[in-house]
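Below you'll find the structure, written out as structure tokens, and then a few comments.
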Amino acid sequence: RLVPVDRKAGAGKPMTLADHAGKTVLLNLWATWCAPCRAEMPALDALQKEMGSDAFEVVAVNVDAGDDTKPKKFLEETGVKALGYYRDSTMALFNDLKTRGLALGLPVTMLIDGEGCLIAHMNGPAEWSSPDAKRLVETALAKSD
Numbered sequence: 016r017l018v019p020v021d022r023k024a025g026a027g028k029p030m031t032l033a034d035h036a037g038k039t040v041l042l043n044l045w046a047t048w049c050a051p052c053r054a055e056m057p058a059l060d061a062l063q064k065e066m067g068s069d070a071f072e073v074v075a076v077n078v079d080a081g082d083d084t085k086p087k088k089f090l091e092e093t094g095v096k097a098l099g100y101y102r103d104s105t106m107a108l109f110n111d112l113k114t115r116g117l118a119l120g121l122p123v124t125m126l127i128d129g130e131g132c133l134i135a136h137m138n139g140p141a142e143w144s145s146p147d148a149k150r151l152v153e154t155a156l157a158k159s160d
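This note's numbering runs 15 ahead of the 1-based position in the sequence shown.
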């Protein structure tokens with residue numbers, strides 16, 4: 016099981032993965048200085064736009080230190096419209112995942128089922144709007160039923 020770590024949600028209130036209980040989540044950690052993160056962000060946004068529902072959500076968490084000026088500008092520049100805005104300026108989540116051997120660098124992405132169990136994880140960028148990625152999400156959703 017993945018231990019949830021408090022985050023600051025878009026509205027400024029703390030959030031944990033428990034807030035997404037019952038929902039399959041594609042959790043992605045990214046930073047503005049990460050070129051592969053910039054490259055994959057439009058695909059994550061497209062996946063959320065196409066498949067986001069009461070059963071599935073892409074949760075992209077920014078881990079930049081400092082205020083939220085750069086991350087918000089980054090999302091605007093990359094054309095992100097469907098993703099919620101989440102951030103962890105302390106990098107506590109990334110460091111926790113690194114300690115567990117799940118994060119080597121950015122981006123890092125994990126697929127978590129509705130019970131909070133880690134189904135898969137990946138270090139590095141991916142084409143998240145591809146047919147293979149959609150099949151992965153569909154398979155995870157089918158197992159959650």
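Think of the CB as a built atom: it goes at the ideal place given N, C-alpha and C, for glycine as much as any other residue.
- Sequence-distant Cβ neighbours of T93 in its own chain, meaning closer than 8 Å and more than five residues away, are R53, M56, P57, D60.
- Of D147, M137, A148, D82, the smallest CA-CA separation from A118 is found for M137.
- Counting the other Cβ atoms within 10 Å of the Cβ of R115 gives fewer than 16, which makes it exposed.
- Rounded to whole angstroms, the gap between the alpha carbons of P122 and S159 is 26 Å.
- Between the alpha carbons of D83 and E72 lies a gap of roughly 22 Å.
- Taking a C-beta distance under 8 Å as the contact criterion, A80 and W45 do not qualify as a contact pair.
- When rounded, the separation of the alpha-carbon atoms in L112 and P140 is 17 Å.
- With respect to N43, T124 sits close: the two C-beta atoms are nearer than 8 Å.
- Put simply, the backbone Cα of L62 is about 18 Å away from that of N77.
- According to the DSSP assignment, E55 belongs to the alpha helix (DSSP H) that extends over 50-66.
- Its Cα nearest to that of L98, the residue L41 stands out among E142, D147, L41, C49.
- Put simply, the backbone Cα of W48 is about 9 Å away from that of F89.
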